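Written below as structure tokens is the structure these notes are about.
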Amino acid sequence: MSLIDLRSDTVTQPTLGMREAMLRADLGDDVYGEDPTVNRLEASLAERLGFAGGLFVPTGTMSNLLGLMAHCERGDEYIVGQQAHTYKYEGGGAAVLGSIQPQPLDAEADGSLDLAKVAAAIKADDFHFARTRLLALENTMQGKVLSLDYLAAAREFTRRRGLALHLDGARLFNASVALGVEAREIARHFDSVSVCLSKGLGAPVGSVLCGDATLIGKARRLRKMVGGGMRQAGILAAAGLYALDHQVERLAADHAHARRLGDGLRAQGFEVEPVQTNMVYVAIGERADALKAHLRQHGVVVSAAARLRLVTHLDVSEADIARVLDAFAAFA
Ligand SMILES: *Cc1c(COP(=O)(O)O)cnc(C)c1O
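Structural data, given as structure tokens:
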């Protein structure tokens with residue numbers, strides 16, 4: 001029996017077409033700027049998102065770190081969500097490696113940061129305080145899509161207050177597919193955007209940081225500093241290019257599968273949060289360990305969590321969703 005892994009959209013296997021693209025990629029030494037495939041990926045994603053430049057990096061964690069460090073100097077501060085990946089799940093890198101102080105705020109139910117609360121957190125120009133320099137948002141945020149109206153308001157607000165605006169767009173394309181708009185309609189509100197190729201897009205490795213030429217120049221120096229300069233990286237960039245060409249529109253199928261899973265679980269009496277993209281959150285409470293063990297016997301892999309996250313992706317089919325629902329039904 002094949003396993004259905006719902007822990008994350010990072011567990012996908014590269015498709016055959018993707019592997020062929022990797023096999024055939026033209027390569028060079030990217031630290032010399034000579035890998036044509038890396039250059040093509042950076043230029044094409046930057047163009048697609050409306051930025052002057054892009055920088056290919058191994059991970060989204062590094063991409064966010066370079067973005068934050070390119071905007072903020074030692075002793076600066078960035079405002080960020082309490083549950084944001086950048087703040088909570090990246091080893092405190094901005095503080096440790098960038099000497100950037102985070103000012104976390106509780107997010108609203110829709111995943112946004114209330115701009116009135118952000119305004120109240122901005123420090124006055126006073127030598128007692130860190131210098132508030134940047135607002136960092138995340139989209140999608142735990143599967144939720146920030147509205148275009150909110151993004152426009154955040155852009156207007158940060159411009160007025162002299163802050164830069166960074167997007168952790170690990171799942172930017174899930175947001176764009178869910179809204180039915182081009183990704184640049186989201187990206188245009190930001191000074192920098194980090195996009196993961198290794199989440200729903202299905203590449204094995206890689207993220208791209210996009211921004212203007214100055215920001216990307218700074219980020220390139222910082223990437224070397226943190227040890228992220230790679231050589232014939234085009235073999236990886238080829239996977240990213242393939243994903244952008246062939247595996248963006250299909251995210252709609254992941255969203256449909258997630259909705260179907262959410263509806264099915266609700267019908268079984270589970271408490272399910274509204275589903276917007278490829279994530280289904282289910283309140284499991286103290287039965288989490290028992291559920292995980294039960295599902296594993298039915299070939300379904302999940303993390304044990306009271307607020308269980310189920311993530312659909314490229315390697316989960318419609319038939320798999322039916323199997324998952326059967327497995328849950330046997331538990332209930
Ligand atoms: C996965 C993820 C990252 C970091 O990506 P890695 O490649 O795992 O370092 C950043 N932000 C969000 C929202 C993510 O889900």
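Every letter in the sequence shown is one number past the one before it in the numbering used here, and letter 161, counting from 1, is 161.
Idealized CB from N, CA, C, for every residue including glycine.
A quick note: this is a predicted structure, and the numbers were derived from the prediction, not measured.
Near ligand 1: residue i beta-carbon under 7 Å from a heavy atom
| i | result |
| --- | --- |
| T59 | yes |
| C196 | yes |
| N64 | yes |
| K292 | no |
| H255 | no |
| A243 | no |
| K199 | yes |
| E286 | no |
| E73 | no |
| A107 | no |
| S192 | no |
| H85 | yes |
| D168 | yes |
| S112 | no |
| E138 | yes |
| L207 | Note that residue 207 is Ser in the sequence shown, not Leu. Yes; taking the cut-off as 7 Å, the Cβ of S207 has a heavy atom of ligand 1 nearer than that. |
Residue i in three-state terms, based on DSSP
| i | result |
| --- | --- |
| R161 | helix |
| K199 | coil |
| I216 | helix |
| T56 | It is worth fixing the name first, because residue 56 is Phe in this sequence and not Thr. Three-state DSSP puts F56 in a strand. |
| T132 | strand |
| P14 | coil |
| A283 | strand |
| I115 | At residue 115 the sequence reads Leu, which differs from the Ile that was named. Of the three classes helix, strand and coil, the one that applies to L115 here is helix, per DSSP. |
| R307 | strand |
| L209 | strand |
| M230 | coil |
| Q297 | helix |
| Q38 | Residue identity check: residue 38 is Val in the sequence provided, not Gln. Reduced to three states, the DSSP call for V38 is helix. |
| V302 | coil |
| Y89 | coil |
| V324 | helix |
| L236 | helix |
| I122 | coil |
| G169 | strand |
| M62 | helix |
| V138 | It should be pointed out that residue 138 corresponds to Glu in this sequence rather than to Val. In the structure shown, E138 sits in a strand (DSSP, three-state: E or B). |
| I4 | strand |
| S192 | strand |
| E361 | Because residue 361 is not part of the residues shown, which for the chain are 1 to 332, the question remains open. |
| L314 | coil |
| G81 | strand |
| E271 | strand |
| D76 | strand |
| L251 | helix |
| L261 | helix |
| L146 | coil |
| L27 | coil |
Contact test: residue i Cβ vs ligand 2 heavy atom, cutoff 7 Å
| i | result |
| --- | --- |
| H313 | Absent from the structure shown: ligand 2. Ligands present: ligand 1. |
Rounded distance between the beta-carbons of residue j and residue i, thought under 8 Å
| i | j | result |
| --- | --- | --- |
| H255 | A322 | Not a contact, Cβ separation roughly 17 Å. |
| S194 | S207 | 6 Å |
| L209 | L167 | The Cβ separation is near 10 Å, so there is no contact. |
| G93 | L65 | 5 Å |
| P345 | V226 | Lying outside 1 to 332, the shown extent of the chain, residue 345 is not represented and no answer is given. |
| G234 | A25 | 5 Å |
| V324 | L6 | 7 Å |
| N339 | T277 | Because the chain in this structure spans residues 1 to 332, residue 339 falls outside the shown range and cannot be described. |
| V280 | A305 | Not really, about 12 Å apart at Cβ, beyond 8 Å. |
Beta carbon proximity, residue i to chain B, threshold 8 Å
| i | result |
| --- | --- |
| K117 | Within the model displayed, chain B is absent; a lone protein chain is all it includes. |
(request) Please determine if the stretch 188–204 and the stretch 234–253 are in contact, where contact requires at least 3 C-beta pairs separated by less than 8 Å. (result) They touch, by the three-pair rule.
(message) Within 8 Å, do at least three Cβ pairs link the stretch 181–191 to the stretch 257–275?
(response) These segments do not touch.
(request) Count the C-beta pairs between the stretch 157–169 and the stretch 100–110 that are closer than 8 Å, then say yes if the count reaches three, no if not. (result) Touching, no, given that fewer than three Cβ pairs across the two stretches are closer than 8 Å.
(request) Check whether the stretch 108–124 touches the stretch 85–92, taking contact to mean three or more Cβ pairs, one atom from each stretch, closer than 8 Å. (result) The stretch 108–124 vs the stretch 85–92: no contact.
(request) State whether the stretch 216–235 contacts the stretch 29–46, with contact taken as three or more CB pairs (one from each stretch) at a distance under 8 Å. (result) Inter-segment contact for the stretch 216–235 and the stretch 29–46 is present: three or more beta-carbon pairs are separated by less than 8 Å.
(message) Any contact between the stretch 61–76 and the stretch 42–53? By contact I mean 3 or more CB pairs, one from each, below 8 Å.
(response) No, because fewer than three Cβ pairs between the stretch 61–76 and the stretch 42–53 fall closer than 8 Å, the two stretches do not touch.
(message) I want to know whether the stretch 142–157 touches the stretch 290–305 - three or more CB-CB distances under 8 Å.
(response) Too few Cβ pairs lie closer than 8 Å, so no.
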